[in-house]
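Undergrad: I have a structure here, written as structure tokens, and I will follow up with some questions on it.
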Ligand SMILES: [Mg+2]
């Protein structure tokens with residue numbers, strides 16, 4: 025099996041110093057904890073070579089997935105994980121090469137899934153058919169070409185639509201409204217100064233409509249009051265596997281880490297991977313088994329997982 029070379033990380037990370045060499049920076053948690061005063065706490069790893077090039081901390085962290093891919097699940101967030109964060113949500117795209125690597129992974133692993141707050145309609149064009157798409161925190165799932173909605177979600181479409189329209193018309197100036205059908209996101213990324221106005225607006229709309237508020241990355245989300253988050257999505261996707269890895273970068277990924285904690289208590293091997301950025305929640309990093317530096321390092325990690333054993 026051939027593995028694509030590490031590609032250009034794209035214009036969104038122009039400062040990446042190691043792009044020319046096809047290498048990646050890794051932040052194994054143990055190594056950082058052991059050397060808090062080191063200059064960068066990072067390792068330079070050439071992932072275009074064989075697997076033995078990786079530091080022991082990384083191979084140890086990923087070993088449960090590598091050792092039994094046919095009984096493992098690899099679950100990934102989208103924004104900030106497979107796709108660099110962008111100012112305009114609709115412009116988000118996975119890094120070049122990510123789709124190809126996901127396709128290889130899907131042939132190798134028991135389950136590969138993208139788990140996102142985005143709707144399935146947005147994600148599906150970027151995800152190979154063999155990869156499961158869990159959209160809107162599991163309210164929508166696309167698996168093997170078949171789409172299923174959470175049974176309790178449908179009545180909330182009209183409520184979400186009304187709140188979205190009202191938010192466009194009467195919401196705080198500078199707030200960007202993104203309707204996703206069964207949920208909506210109110211963004212302040214382009215106007216951080218209106219954060220409090222946006223969160224206040226969201227709370228008022230939640231109280232009025234019955235939707236519930238969830239804080240997200242430079243945004244607030246309004247969801248149906250249905251017990252669906254990335255944790256419940258992971259519970260469904262990881263059913264029957266012996267090892268599960270989850271990669272995420274945001275507060276909305278904490279419930280996925282919670283799910284991995286619960287699975288671990290039942291004897292399932294769990295690999296929690298946090299994607300570092302200026303905005304990553306400290307709790308996500310603190311709880312991670314492995315911290316990688318941005319979507320380009322996620323892609324390199326996936327290439328490693330997709331590679332034939334050395
Ligand atoms: Mg994310």
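In the working numbering, the protein residues as written are 25 to 334.
Heads up, the beta-carbon is just placed ideally off N, CA and C, and yes, glycines get one too.
It should be emphasised that the depicted structure is a prediction, and the values quoted were computed from it without experimental measurement.
What residue range does the alpha helix (DSSP H) around residue 159 cover?
TA: No alpha helix (DSSP H) contains residue 159, which is instead part of the beta strand (DSSP E) from 156-159.
Undergrad: Which one or two residues does DSSP pair with residue 209 in a beta bridge?
TA: 202 and 245
Undergrad: If I measure Cβ to Cβ from residue 123 and keep anything under 8 Å in the same chain, skipping five residues before and after, which residues do I get?
TA: Result list for residue 123: 150, 151 and 152, in chain order.
Undergrad: With a cut-off of 8 Å, does the C-beta of residue 143 fall near any C-beta of chain D?
TA: Of the chains in the structure shown, none is chain D; there is only one protein chain.
Undergrad: Between the beta-carbon of residue 270 and the beta-carbon of residue 86, is there less than 8 Å?
TA: no
Undergrad: Hey, would you say residue 225 sits closer than 8 Å to residue 242, going by beta carbons?
TA: no
Undergrad: Distance, Cα to Cα, residue 65 vs residue 273?
TA: Note that residue 65 scores 33 on pLDDT, short of 50, meaning its location in the model is unreliable and no value can be drawn from it.
Undergrad: Please return the same chain residues whose Cβ sits closer than 6 Å to the Cβ of residue 163, not counting the five positions on each side in sequence.
TA: Apart from the 5 residues on each side of it in sequence, residue 163 sits with its Cβ closer than 6 Å to the Cβ of 174, 177, 206 and 252 in its chain, given in chain order.
Undergrad: Label residue 227 either buried or exposed according to how many other C-beta atoms from any shown protein chain fall within 10 Å of its C-beta, with 16 as the threshold for buried.
TA: exposed
Undergrad: Exposed or buried, residue 323, counting other C-beta atoms within 10 Å across all chains shown (16 or more means buried)?
TA: Its Cβ being crowded by 16 or more others within 10 Å, residue 323 is buried.
Undergrad: Kindly indicate which residue of 319, 321 and 315 has the alpha-carbon position closest to the one of residue 81.
TA: Residue 315 is the option with its Cα nearest to residue 81.
Undergrad: Give me the residue from 333, 193 and 276 with the minimum Cα distance to residue 306.
TA: 276
Undergrad: Tell me where the alpha helix (DSSP H) around residue 197 begins and ends.
TA: Unbroken run through residue 197: none, as it is neither H nor E.
Undergrad: Whose CA, out of 288, 281 and 330, lies closest to the CA of residue 309?
TA: That would be 281, whose Cα lies nearest to the Cα of residue 309.
Undergrad: Residue 146 by DSSP, collapsed to three states: which one?
TA: Residue 146: helix per DSSP, three-state reduction.
Undergrad: In the structure shown, what three-state DSSP assignment does residue 288 receive?
TA: helix
Undergrad: With respect to the beta strand (DSSP E) encompassing residue 83, which residues constitute its N-terminal and C-terminal limits?
TA: Unbroken run through residue 83 is the alpha helix (DSSP H), 80-91; no beta strand (DSSP E).
Undergrad: State the start and end residues of the unbroken alpha helix (DSSP H) segment that holds residue 126.
TA: 122-132
Undergrad: If you measure from the CB of residue 272, is any heavy atom of ligand 1 nearer than 7 Å?
TA: yes
Undergrad: Would residue 192 and residue 210 qualify as a contact pair, given that the criterion is a beta-carbon distance under 8 Å?
TA: Going by beta carbons, residue 192 and residue 210 fall outside the 8 Å limit.
Undergrad: Could you check how far apart the C-beta atoms of residue 216 and residue 236 are, in whole angstroms? I think they sit under 8 Å.
TA: 24 Å between Cβ atoms; not a contact.
Undergrad: Can you have a look at residue 179 and say buried or exposed, based on whether 16 or more other CB atoms are within 10 angstroms of its CB?
TA: exposed
Undergrad: What span of residues does the beta strand (DSSP E) with residue 314 cover, start to end?
TA: Here the beta strand (DSSP E) through residue 314 covers 314-316.
Undergrad: Specify the secondary structure class of residue 308 as computed by DSSP and reduced to three states.
TA: helix
Undergrad: With DSSP run on the structure shown, which of helix, strand or coil describes residue 183?
TA: For residue 183, the secondary structure class from DSSP, reduced to helix, strand or coil, is helix.
Undergrad: With DSSP as the reference, label residue 279 as helix, strand or coil.
TA: helix
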